[in-house]
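K.L.:
One structure follows; several queries about it will come next.
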Amino acid sequence: MKKPATLGIDIGGTNTTLGLVDAEGNCVYEESFPTHAHESFSIFHLRLIKKITAIQEKYGDQYEVVGIGAAAPTGNYSRGVIEAPSNFKWGKVDFVNILSSHYHLPVAITNDAKAAALGEMEYGAARGMQNFMVVTLGTGVGSGIVVNGQLIYGHDGLAGEFGHTTVEHGGRQCGCGRLGCLETYVSSRGICRTVFELLARSTCASELRQISFNDLTSEKIYHAALRRDPLAVQAFEYTGKILGRALADAVTYFSPQAIILYGGLAKSGELLLAPTRRYFESSLLDIYKSKIAVLVSKVANGSAAVLGASALIRQEIAKSRDGATLRINGMMDE
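Under my numbering, residues 1127 to 1460 are what the sequence shown spells out, in order.
Laid out in structure tokens, this is it:
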């Protein structure tokens, strides 16, 4: 007898990850492929369908896929669409309609950070928490906010665009078209921009001077910092300062028990955490000081968004069984 399973999809600016998740929340299979966000959605869509079909064929004798949950930047849970993410060349994508037309399964989508929050709440650092915030630090920056045990979507499904809060008026140009957004400073791309600003301002020796802008990555900055490259260390210090101060501002709105950092840049450990926590604590209003933990995701292999997307569609299926509504084919089915 086949076991029920859900498919979780995490669409990132760099890579897209798919995970086949069983009823107990175990990811029995996972793989990633390059997103190529500079290409059209139609090209990406064909590659995604091919991957999903291959997973179904590979595990079809053991598991029956009962639903598909997806996470993407600006993924709109209420409308089932991806709302023209700033780091992509896609425009507005009717994701749920497109995918469900191929597989005739329940499909749901949400913001990648919101999915990560669901994953952390069920499987990670936020287990047992009712009030917390997950901040994703990847190609861009997003957030999933949980208050009184409920994920906040807002009236249009797009609450939580923390990366597009302004931290410096007239600052760096953002992919969204505005200036000074947080993600231009504390994302994987943001720290690369910081390095080149530091290179221009100083003449200090640094191994990073040998790397062109197009070849520079946050991972290379991380390894240089581990070798105590002064400019790389300074870049992490500056990134932590900007992030810590922004998180302190967010606390005044939500008063969370914890803030959980998730994504590639969050894996930098104390290089990022130490300055972030220091500037965070020093910037907090006195009534919040020493009360809020800044943590790193505890979901294995960085799979919080995949597991969260899977949890999302399981919740939607459960709602339909309870007589509530289910989001299929881009509409509310009674």
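Cβ atoms here follow ideal geometry from the backbone N, Cα and C, with glycine treated the same way.
Give the DSSP bridge partners of F1159, in chain order.
P.N.:
Partner(s): T1142.
K.L.:
Between the beta-carbon of G1283 and the beta-carbon of T1329, is there less than 9 Å?
P.N.:
Going by C-beta atoms, G1283 is not nearer than 9 Å to T1329.
K.L.:
Let me know the secondary structure DSSP gives L1133 once reduced to three states.
P.N.:
L1133: strand per DSSP, three-state reduction.
K.L.:
Which of helix, strand or coil does DSSP assign to Q1441?
P.N.:
Residue state, collapsed to three classes: helix.
K.L.:
If we ignore side chains and look at the alpha-carbon of each, how far apart do K1218 and R1205 end up?
P.N.:
Rounded to the nearest angstrom, the two C-alpha atoms are 11 Å apart.
K.L.:
With distance defined between alpha-carbon atoms, name the residue in R1404, F1406, L1387, Q1441 nearest to A1243.
P.N.:
Residue L1387 is the option with its Cα nearest to A1243.
K.L.:
I need the DSSP call for E1165, collapsed to helix, strand or coil.
P.N.:
In the structure shown, E1165 sits in coil (DSSP, three-state: anything other than H, G, I, E or B).
K.L.:
With a threshold of 7 Å on Cβ separation, who are the neighbours of A1450 within its own chain once the five nearest residues in sequence on each side are excluded?
P.N.:
Only weak support exists for where A1450 lies, its pLDDT of 49 falling under 50; the value from the coordinates is given anyway. Hits under 7 Å: none found.
K.L.:
Roughly how far, in whole angstroms, is the beta-carbon of L1398 from the beta-carbon of I1385, given that I think they are within contact range, below 8 Å?
P.N.:
Going by Cβ atoms, the distance from L1398 to I1385 rounds to 13 Å, so no, they are not a contact pair.
K.L.:
With a Cβ-Cβ cutoff of 9 Å, do S1313 and L1263 count as a contact?
P.N.:
Yes, the Cβ-Cβ distance between S1313 and L1263 is below 9 Å.
K.L.:
What span of residues does the beta strand (DSSP E) with S1269 cover, start to end?
P.N.:
Looking at the DSSP string, the run of the beta strand (DSSP E) that includes S1269 is 1267 to 1273.
K.L.:
Could you pull out every residue in the same chain whose Cβ sits closer than 6 Å to the Cβ of A1285, ignoring the five residues on either side in sequence?
P.N.:
Hits under 6 Å: I1278, Y1279.
K.L.:
Give me, in chain order, the residues of the same chain whose beta-carbon lies closer than 7 Å to that of V1293; leave out the 5 immediate sequence neighbours on both sides.
P.N.:
The answer, listed in chain order, is G1306, L1308, Y1311, I1368, A1372.
K.L.:
Helix, strand or coil: which one does DSSP assign to N1237?
P.N.:
Strand.
K.L.:
For my contact list, T1143 and V1432 are in at a C-beta cut-off of 8 Å; report their separation, rounded to the angstrom.
P.N.:
With a Cβ gap of about 5 Å, T1143 and V1432 count as contacting.
K.L.:
Assuming Q1383 and F1258 make a contact with CB atoms under 8 Å, what is their CB distance in whole Å?
P.N.:
Indeed, because the Cβ distance is near 6 Å, the residues count as touching under 8 Å.
K.L.:
Looking only at C-alpha atoms, which of G1275, L1225, I1181, G1138 sits nearest to F1214?
P.N.:
It is G1138.
K.L.:
Relative to the alpha-carbon of A1376, which residue among G1390, V1273, A1149 has its alpha-carbon at the smallest distance?
P.N.:
Residue V1273 is the option with its Cα nearest to A1376.
K.L.:
N1152 by DSSP, collapsed to three states: which one?
P.N.:
Looking at N1152 - three-state DSSP - the assignment turns out to be coil, as it is neither helix nor strand.
K.L.:
When the Cα atoms are used, what is the spatial distance from V1422 to A1198?
P.N.:
Taking the straight line from one Cα to the other gives about 21 Å.
K.L.:
What's the call for A1241, buried or exposed, on a 16-neighbour Cβ count within 10 Å?
P.N.:
With 16 or more other Cβ atoms within 10 Å, it is buried.
K.L.:
Who pairs with C1307 in a beta bridge, going by DSSP?
P.N.:
According to DSSP, C1307 bridges with T1292.
K.L.:
Is the region 1158 to 1173 in contact with the region 1397 to 1411, if contact means three or more CB pairs nearer than 8 Å?
P.N.:
The region 1158 to 1173 is not in contact with the region 1397 to 1411.
K.L.:
So, is T1402 buried or exposed, given that buried needs 16 or more other C-beta atoms within 10 angstroms?
P.N.:
Its Cβ being crowded by 16 or more others within 10 Å, T1402 is buried.
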